[in-house]
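Have a look at the structure below before the remarks.
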Amino acid sequence: MKIPPVEPGTVGPCPVAPDALQGIVRQQTNAARWNGAGWREFVAELGAAGVALAEGAAATGIYATDAGGTAYGLPHGVLVARSAAQVAALLMAAQAHRVPVTVRGGGLTTEGESVAYGGVLLDMTGMGRVLAIDAEAMTVRTEAGIYWHDLAEELRRAGLDYLSAPLNMTSSVGGTLGVGGIDVNSARLGCSADQAISLQVVTPTGEIVECSDSENADLFQRVILGYGQFGVITEATLKIRPYTPLSMHYYYYSTLREAIEDLQMLDANDASDYSGILTIMDCAVNLLVAFDSSEREAAFKATWEKRLRGHGEFGFALCVAGHYAMRPWKLGEALYLLKRKQAVFPEFRRAEFHRDGRMEDRTVVFSRAVWKHWGSRNMVIPDLATSADKFIEAVERGNAVCRKFFPHYTLYCVGIKLRAEHKPHYEMSCVPPDAAGWAYGCEFEPMIEDAVYSRDHFQSFKNAIYDIGVDLGASYYRFGGMMKGYIRRVFGDALVDRHLAMKRRADPAMILNRDVIF
4 MKIPPVEPGT VGPCPVAPDA LQGIVRQQTN AARWNGAGWR EFVAELGAAG
54 VALAEGAAAT GIYATDAGGT AYGLPHGVLV ARSAAQVAAL LMAAQAHRVP
104 VTVRGGGLTT EGESVAYGGV LLDMTGMGRV LAIDAEAMTV RTEAGIYWHD
154 LAEELRRAGL DYLSAPLNMT SSVGGTLGVG GIDVNSARLG CSADQAISLQ
204 VVTPTGEIVE CSDSENADLF QRVILGYGQF GVITEATLKI RPYTPLSMHY
254 YYYSTLREAI EDLQMLDAND ASDYSGILTI MDCAVNLLVA FDSSEREAAF
304 KATWEKRLRG HGEFGFALCV AGHYAMRPWK LGEALYLLKR KQAVFPEFRR
354 AEFHRDGRME DRTVVFSRAV WKHWGSRNMV IPDLATSADK FIEAVERGNA
404 VCRKFFPHYT LYCVGIKLRA EHKPHYEMSC VPPDAAGWAY GCEFEPMIED
454 AVYSRDHFQS FKNAIYDIGV DLGASYYRFG GMMKGYIRRV FGDALVDRHL
504 AMKRRADPAM ILNRDVIF
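If you read the sequence shown in our numbering, its first letter stands for residue 4, the second for the next number, and so on.
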């Protein structure tokens, strides 16, 4: 396939539009590798400013792919950031020499967004210090390259905790704020980005700027959920809270619809502190409900638990046994469910992380389970984010796509409480434009196991999920990378062109994370 060169910042006709040639497999591809023009002059200018880049295969090879493992590329050089001043010097020189800069934190992208196709890979994990904890104001100031699990460890020593963070705690704080960040308490507290009070940002032209809702608000609104297009987050002030152990309950369903209806009922009535759905295919649907306090847990048991249609573990096991006894030709599926349950469930109940029936550290428990049982050499996680009223249809249609493409898969569903005053932050993001009160998201993740699939198979699967979103007027958590061709179909020309114009003003040479969206 011959792919013509595209000027950075040019979002042309969608290559997966409905009027594409019939019979041609619809696909996206890695971005073209940057040709390296002016690289040596760029390196020399940085060296004169005291910023040394690491070059060569030993330095660049470890950044060849991301957690998804389907997109590959190599930078010309790498900078492990140590200060905002270093980042500023890098971006100023990159603008002058038109050298692309790709920012990477935990590298947990799955669409190649943190993979560099030439140019500089800016590794933010060198900026991983907690700068100040204010227990009176309930805030923490931290460098943005820190992993969430490291931040959690620092806070726990002071008897404090973060509010909302991604389930995989090897994400970086800065990377998370740029995409949203969803936790099982997001239906009550909002996404991780909603917890940001202020940020230090290095703009694409190398200015170091402090921003918040009251100071440089336009920049703050663009950087929060901005997918790295308008600046590099180097420090963040976040809301925190007192630390509490967690009391967890599980309810099991045989249908997605009933589980989602019950999830949304709990969220709408503020009936729990944590809620979410995690499935083994669509045969075993687990609604998890958890609490920070005994008082909230008691209120739930008195009022809301009896309204749930899910079963306890023993009752559900009887239902499943009866179901497969009537369908002996599905014995293989039944054995897979049993095997998966025996492997996954103990991870959430390990004795060393529990005391008196309460989970002492959800950071460790959830991250351990997520990384151990959902990671593989390939992670392909297309998703859909919709308003509450469209969510059941989106999940059911996405589930049918999963069944078509893979024998085994899992779904992760969660709500996001929306803050009215943060609406500008959500404008072109994972939060769908028609959502009010809550948005809901579902990740569709195949269980690759020992199977080998072509990249085209993965991409066709993702396209089928993305098409559902276009049809329903939804959005996506991961709308960057290889699905960038969908952006005009999702947001419309007017919104995309307005943001593209803002990007050009902020980043004249279009060098910062330029292969993610524009």
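Positions of the beta carbon are idealized from the N, C-alpha and C atoms, including for glycine.
The model shown is predicted, which means the values in this text are computed figures rather than measured ones.
C-alpha distance - residue 520 paired with residue 34, whole-angstrom precision: Distance between the alpha carbons of residue 520 and residue 34 is about 11 Å.
Applying the 10 Å Cβ sphere with the 16-neighbour rule, what's the burial state of residue 394? So residue 394 counts as buried.
Assigned exposure category for residue 506 - 16 Cβ within 10 Å defines buried: Residue 506 sits buried, since 16 or more C-beta atoms from the chains shown fall within 10 Å of its C-beta.
Quick check: residue 415 and residue 445, are their CB atoms within less than 8 Å of each other? Contact: yes.
Going by other Cβ atoms of all chains shown within 10 Å of its Cβ, with 16 needed for buried, is residue 110 buried or exposed? Counting the other CB atoms within 10 Å of its CB gives residue 110 a total of 16 or more, which places it among the buried residues.
Return helix, strand or coil for residue 419, following the three-state DSSP convention. Reduced to three states, the DSSP call for residue 419 is strand.
4 or more residues per run - each alpha helix (DSSP H) lying fully within the segment 22–105: The segment 22–105 contains these whole alpha helix (DSSP H) runs: 42–51, 60–63, 87–100.
Determine which residues share a DSSP beta bridge with residue 242 and list them. Paired residue(s): 142.
Do residue 226 and residue 90 have their CB atoms nearer than 8 Å? The answer is no: Cβ separation not under 8 Å.
Could you check how far apart the C-beta atoms of residue 278 and residue 259 are, in whole angstroms? I think they sit under 8 Å. The pair is not a contact, with the Cβ atoms about 15 Å apart (cut-off 8 Å).
How long is the line joining the alpha carbons of residue 28 and residue 464, rounded to whole angstroms? Its pLDDT being 46, under 50, residue 28 is placed unreliably in this model, and the coordinates cannot settle the point.
Would you tell me roughly how many angstroms separate the C-alpha atoms of residue 172 and residue 149, rounded to the nearest one? Approximately 10 Å, taken between the alpha carbons.
Can you name the start and end residues of the beta strand (DSSP E) that residue 256 belongs to? Residues 250–256.
With DSSP collapsed to three states, give me the class of residue 127. If DSSP states are grouped into helix, strand and coil, residue 127 belongs with the helices.
Rounded to whole angstroms, how far is the Cβ of residue 228 from the Cβ of residue 429, which I believe are closer than 8 Å? 6 Å between Cβ atoms; contact.
For residue 151, does the three-state DSSP call read helix, strand or coil? Residue 151: helix per DSSP, three-state reduction.
Continuous alpha helix (DSSP H) stretch holding residue 468: start and end: Boundaries of the alpha helix (DSSP H) harbouring residue 468: 458–475, taken from the DSSP string.
Assuming contact is defined by CB atoms lying nearer than 8 Å, are residue 232 and residue 515 in contact in what I supplied? For residue 232 and residue 515, yes; Cβs fall inside 8 Å.
Reduced DSSP secondary structure (H/G/I, E/B, other) of residue 432: Here residue 432 carries a coil assignment [DSSP, helix/strand/coil].
Let me confirm a value: residue 322 is counted as buried when at least 16 other C-beta atoms fall within 10 Å, else exposed. Which label applies? Residue 322 is exposed by the Cβ-count criterion.
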